[in-house]
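Working notes, beginning with the structure itself.
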Amino acid sequence: MSITNTPPPLEGLAAIELWKKGKEEWNKWVEEHPDTPVSFEDVDFSHHTTPEKGTNFEGFHFPNAFLRFTDTKFGDGDVSFHKAKFGDGDVSFTNAKFGDGGVLFHNAQFGDGNVSFNNAEFGDGGVWFKHTQFGDGNVHFMSAKFGKGDASFEGAQFGDGNVSFNYAQFGDRGASFSSANFGDGSVTFHNAQFGDGGAWFNQAKFGDGDVSFDDAQFGDRGVSFSNAQFGDGNVSFTNAKFGDGYVSFNGAKFGDGNVSFINAKFGDEDVSFANAKFGDGNVSFHNAKFGDGNVSFHNAEFGDVVMLFTQMAVKGNFYFEPEQIRNCSELTFRGTQFDGSLTLHNINVGCVIDLRNTKISRPIDLDNVKTTFLTEKRFGLFHRAKSASDTTCYRRLKKLAKEADDHDSALEFFAQEKRSGYWHDVRGAELLFYYAYDFVSNFGRSISRPLMGLFLTWFAFAEAYWLFRDELDTPPTSAGLLSMGHSIPFYLGSRDTISHSLAALYGQDIPAWIHVAAVGQSVISGIFLFLIALALRNLSRT
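Following the working numbering, the numbering of the sequence shown begins with 19 at its first residue and continues without gaps.
Take a look at the structure:
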């Protein structure tokens with residue numbers, strides 16, 4: 019068994035004295051002692067420098083062993099680790115207290131050890147981690163407190179370790195993670211507080227780990243995830259509270275994990291998911307609350323998803339105008355209250371839109387809404403809707419279309435209402451009737467189908483009249499005219515045409531079956547004529 023002897027740490031006054039000699043002497047020592055731990059634990063730098071001079075570790079290199087600034091107190095001057103290079107050991111600034119000067123870690127490089135700023139307290143100066151590079155260890159800022167200055171992680175590069183800002187408190191200048199690049203570890207801002215400042219994550223890139231902003235509280239100066247890219251992990255803003263500033267997910271791209279805004283509360287400015295792209299995970303805004311601003315999903319794209327917009331409260335206008343929904347097994351707004359207008363546009367989905375129990379203050383335009391329902395086999399030959407509730411969903415859509423005077427959509431939803439009821443609440447003779455009504459006239463909307471049926475009826479009966487004629491030298495035109503007389507009873511010359519044609523085909527002794535066939539043809543033709551008239555009425559109705 020081999021035993022690795024860890025060198026004693028450089029700590030206390032020895033570490034202070036070496037630091038005072040400057041970067042060159044310090045880095046030379048590190049080259050000679052690459053595995054020696056270093057500790058500034060409990061050091062108060064205000065005793066060794068002045069606010070004007072600050073605490074300077076700019077360009078310093080550190081060994082590959084652990085580095086501790088645990089419980090360290092920095093004075094009110096600037097604290098700079100600009101371009102510092104940390105080794106692969108763990109780095110701890112746990113419980114460190116920074117004064118009111120700026121704190122600079124921009125362009126610093128951390129190794130693959132864990133990095134902890136847990137419970138660190140920053141003063142009112144700016145805190146910059148711009149373009150800082152973290153290794154594959156975990157990075158924790160749990161319960162860290164930022165002052166009134168900027169907190170910037172713009173362009174920071176995180177490795178594949180977990181990143182946590184749980185319970186972190188940001189000041190009134192907000193926090194920026196614009197263009198930050200996170201690895202495949204989880205990223206959590208659970209219960210983080212962004213104060214009255216903004217939160218900017220535009221163009222940030224997240225890996226395939228889960229991303230959580232559960233219970234986070236955002237300020238009034240806006241929240242932006244514009245063009246952010248999320249991996250295939252779950253993304254959750256459950257119970258998040260947004261302030262009265264705008265909220266933008268414009269152009270954001272989500273992976274195949276679930277996306278949750280359950281119980282999220284938004285302020286009175288606009289909320290935009292315009293041009294956002296969602297993957298194949300489920301999307302839920304269940305019980306979300308929106309203020310007076312507009313909510314937009316203009317040109318958003320969805321994958322193979324379940325979309326839940328249930329029991330929301332929306333005070334402003336709500337625009338659901340996706341560019342594409344590749345496939346969905348559920349799209350529901352059930353129980354949502356819309357105080358502003360609801361716009362559903364450019365929707366073509368393979369599931370039923372559920373608007374049951376919604377409260378909609380204004381008529382909605384459903385003209386560009388096309389839906390079908392999921393089916394399953396019945397007796398191996400027929401299909402029926404998987405869910406018996408689809409019928410009531412279509413009934414609600416039909417009612418909303420009528421309230422908006424959208425007659426075409428109302429007819430479409432009526433047809434789908436009946437089709438989704440096949441083998442559920444539509445059975446027996448009623449089922450046969452609706453199958454026939456659907457096939458022959460597309461529920462009173464097709465002119466071509468009954469017109470074709472009328473023509474085929476005329477042709478079939480004309481052929482029968484001629485084949486079974488008594489007068490063999492009679493031309494086929496007599497049979498055609500006889501069939502036309504029974505097909506179009508309102509034709510003024512139909513009686514004379516029928517009499518002459520009967521005489522030409524059968525003489526004076528007309529078979530009884532001819533009268534029975536004529537009655538049947540008149541009934542069938544009358545049905546087709548009625549369906550043609552119904553389709554013309556529906557076509558011309560406004």
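For each residue, glycine too, the CB sits at the ideal point set by N, CA and C.
Computed from a prediction, not measured in an experiment: that's the story for all the values here.
Query	Result
Secondary structure at I21, three-state DSSP: helix, strand or coil?	Below a pLDDT of 50, predicted positions are generally treated as unreliable, and I21, at 45, falls in that range; no measurement from the model is reported.
Out of curiosity, what's the CA-to-CA distance linking S290 and S314?	5 Å
In whole angstroms, give me the CA-to-CA distance for V367 and L490.	59 Å
Is F296 near G321, with beta carbons less than 8 Å apart?	yes
Measuring from the CB of F272, is there a heavy atom of the ligand MN at a distance below 7 Å?	For the ligand MN, the structure offers nothing, since it holds no ligand at all.
Classify I545 as helix, strand or coil using the three-state DSSP reduction.	helix
In this structure, does DSSP put V61 in helix, strand or coil?	coil
Just how far apart, CA to CA, sit L418 and V387?	12 Å
Check the DSSP bridge columns for E139 and list the partner residues they point to.	K115, K163
For K259, which three-state DSSP category applies?	strand
Does M470 pass the burial test, meaning 16 or more other C-beta atoms within 10 Å, or should it be called exposed?	exposed
Do you know whose CA, among G251, F284, K271, N257, lies nearest Y264's CA?	F284
Considering only DSSP beta bridges, list what V332 is partnered with.	F308, F356
According to the Cβ coordinates, are D286 and A258 closer than 8 Å?	no
In its own chain, which residues sit with a C-beta less than 6 Å from the C-beta of G358, not counting the 5 before and 5 after it?	G334, N335
Tell me the DSSP secondary structure of W218 in three-state form.	strand
Starting from the C-beta of D62, find all residues in its chain whose C-beta is less than 7 Å away, skip the five residues before and the five after it, and write them out in chain order.	K91
Spatial neighbours of F87 within its chain, please: C-beta separation below 6 Å, excluding the five flanking residues on both sides.	F58, F111, A114
Return the bridge partner residues of V324 from the DSSP annotation.	E348
What separation, rounded to the nearest whole angstrom, lies between the Cα atoms of R3 and V444?	A question about residue 3 goes unanswered here, because the residues of the chain that appear run from 19 up to 560.
Note down the Cα distance separating L552 from S459, rounded to an integer number of angstroms.	9 Å
Do you know how far the Cα of K39 is from the Cα of I89?	Here residue 89 turns out to be Asp, not Ile, going by the sequence shown. Those two C-alpha atoms are separated by around 23 Å.
With three or more C-beta pairs closer than 8 Å as the rule, is the stretch 175-187 touching the stretch 136-154?	yes
Rounded to the nearest angstrom, how far is the Cβ of P494 from that of W484, given a contact under 8 Å?	5 Å
Would you identify the three-state DSSP class for A447, choosing helix, strand or coil?	helix
Output the distance between the C-alpha atoms of D274 and E319, rounded to the nearest integer angstrom.	13 Å
Within 10 angstroms of the Cβ of G538, are there 16 or more other Cβ atoms? Answer buried if so, exposed if not.	exposed
Buried or exposed for T475, going by 16 or more other Cβ atoms inside 10 Å?	buried
Could you tell me whether the stretch 96-111 touches the stretch 123-133, using the rule of 3 or more Cβ pairs below 8 Å?	yes
Output needed for I21: all residues of its chain with C-beta closer than 8 Å, excluding positions within five of it in sequence on either side, in chain order.	Residue placement at I21 cannot be trusted, given a pLDDT of 45 that sits under 50; what the coordinates show is reported in the next sentence. For I21, where only same-chain residues beyond five positions count, there are no Cβ hits under 8 Å.
Per DSSP, I343 is paired with what?	F320
Would you mind sorting Q235 into buried or exposed? The rule is 16 or more other CB atoms within 10 Å of its CB.	buried
Distance check for E50 and T24, CA to CA, integer angstroms please.	15 Å
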